[in-house]
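Taking it in order: structure first as structure tokens, then the write-up.
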Amino acid sequence: MRKSASYPAPTYDDVDDVRLVRIVRPADAPQKDAVNVVGVPFDGGVLGRKGAAGGPLAIREAMSGFSNYNVELGESLEGSRVFDLGDMVVDQEDVLKAHLQIEAEAARCLAGSSLLVAMGGDNSLSLPCIRASCAKFGRLGLIVVDSHFDLRGRIRGKPTSGSSYGLAIETMRELDPRRVVEVGIHGFLNSKTYFEKAKKLGIKVVTASEARSKGPREVAKEAYEAASDGADAVYLSVDLDAVDLSYVSGVSAPSAGGIPADYLFDFLYELGKMPGVRCADLVELAPSLDPTGRSARVAASALVYLIAGFNSRKSRR
Ligand SMILES: [Mn+2]
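Mapping of the sequence shown onto the working numbering: residues 0 to 316, in sequence order.
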């Protein structure tokens with residue numbers, strides 16, 4: 000079940016500067032040759048601080064400040080096909096129940112979508128969305144942007160915001176860990192055990208410092224090559240906590256030493272162009288943890304860069 004999304008009306012209308020929120024259209028069902036976005040207001044799986052249930056609404060509100068043209072990229076979104084399928088209605092207490100609801104709804108939203116973007120919500124929602132993607136596409140590649148490996152097992156029998164990629168690899172044969180790339184790992188934020196687990200599984204790890212020295216375009220290209228090799232589709236999972244806390248403090252686990260916001264934007268723009276990227280999530284924005292609204296602006300920008308990349312795809316399935 001979903002409930003429809005609402006966007007704040009622009010404070011002004013100028014025919015020579017169409018606001019982005021005039022371009023995003025509400026839709027009951029996923030639209031073809033389009034980016035479809037769907038909100039997942041759920042934070043029942045978060046290990047740390049709650050607040051991510053407010054993410055989808057805050058991203059929509061932040062988008063109301065945007066125009067449709069980017070001078071640096073030379074990209075216009077006027078006339079592009081972007082649809083908002085609304086917010087999933089999910090159980091807020093029972094993670095297992097919520098994940099079943101998310102998986103079923105993600106499957107419905109993926110049908111016919113060229114690119115589906117799930118706006119979280121906590122990072123636990125990546126697991127049911129990856130499941131739905133495996134069921135739809137078959138062999139999956141996975142590109143993750145995150146400060147953390149998120150390779151934990153279940154805690155007290157339940158998945159958490161720190162277990163999505165570990166449990167996805169463990170439970171889905173469609174997801175070969177050699178097609179998994181994790182970008183943005185840094186700081187005193189992970190254990191040696193999980194790093195060794197990543198290496199043993201064959202996951203490609205690109206630390207934040209490696210990512211910075213190579214640059215976003217090169218890292219996006221290499222990550223896509225690895226993730227799409229032998230895959231039917233690529234899933235892109237973006238935990239906003241990979242971005243340095245000077246830009247993004249409104250997440251459960253803000254990180255010092257993360258990638259800059261503009262790095263994430265360029266990275267997502269490049270991956271948005273890649274035809275194999277069919278499903279993405281943007282998770283962990285917890286607007287109540289950042290009253291300045293900066294984090295929500297970064298999250299909304301990240302979404303728009305991904306959409307702009309998609310818009311310049313040559314072929315859209
Ligand atoms: Mn994380």
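No residue lacks a Cβ here, since even glycine has one placed at the ideal position from N, Cα and C.
Given 8 Å, three or more beta-carbon pairs between the segment 211 to 230 and the segment 278 to 286: no
So Pro127 is in the alpha helix (DSSP H); what residue range does that whole segment cover? Ser125 to Phe136
With DSSP as the reference, identify every bridge partner of Ile184, one or two as the case may be. Thr206
Thinking just about the alpha-carbon of each residue, which of Ser311, Asp289 and Glu283 is nearest to the one in Gly43? Glu283
Please find out if some non-hydrogen atom of ligand 1 comes closer than 8 Å to the beta-carbon of Glu283. yes
Rounded to a whole number of angstroms, what is the C-alpha to C-alpha distance between Leu84 and Leu126? 20 Å
Limits of the unbroken beta strand (DSSP E) element including Phe82: Val81 to Met87
For Ser254 and Leu166, which I take to be in contact (beta-carbon distance under 8 Å), what is that distance rounded to the nearest angstrom? Contact flag wrong, Cβ pair sits at about 22 Å.
Span separating the alpha-carbon of Pro318 from that of Ala285: Here the chain covers residues 0 to 316 and nothing more, so residue 318 does not appear.
Nearest to Gly119 by CA position, among Asp15, Met273 and Asp240, is which residue? Asp240
The alpha helix (DSSP H) spanning Ser294 covers which residue range? Arg293 to Asn310
Within the present structure, is the beta-carbon of Ser146 separated from the nearest heavy atom of ligand 1 by less than 8 Å? yes
Return helix, strand or coil for Tyr246, following the three-state DSSP convention. coil
Quick test of the definition: if touching needs 3 or more C-beta pairs under 8 Å, does the segment 82 to 101 touch the segment 201 to 221? no
Assign Asp149 to one of two classes, buried (16 or more other C-beta atoms within 10 Å of its C-beta) or exposed (fewer than that). buried
Under 6 Å Cβ to Cβ from Tyr68, same chain only, skipping five residues before and after it: list those, please. Ser75
Roughly how many angstroms separate the alpha carbons of Ala33 and Tyr268, rounded to a whole number? 16 Å
Would you say Asp289 touches ligand 1, meaning its beta carbon is less than 8 Å from a heavy atom? no
Would you say the beta carbon of Asn67 comes nearer than 8 Å to a heavy atom of ligand 1? no
Which residue from Ile129, Met87 and Ser311 puts its Cα closest to that of Gly54? Met87
Tell me whether Ala207, by its Cβ, gets closer than 8 Å to a heavy atom of ligand 1. no
Any chance you could list the alpha helix (DSSP H) runs of at least 4 consecutive residues sitting entirely within the segment 31 to 106, in chain order? 54 to 62
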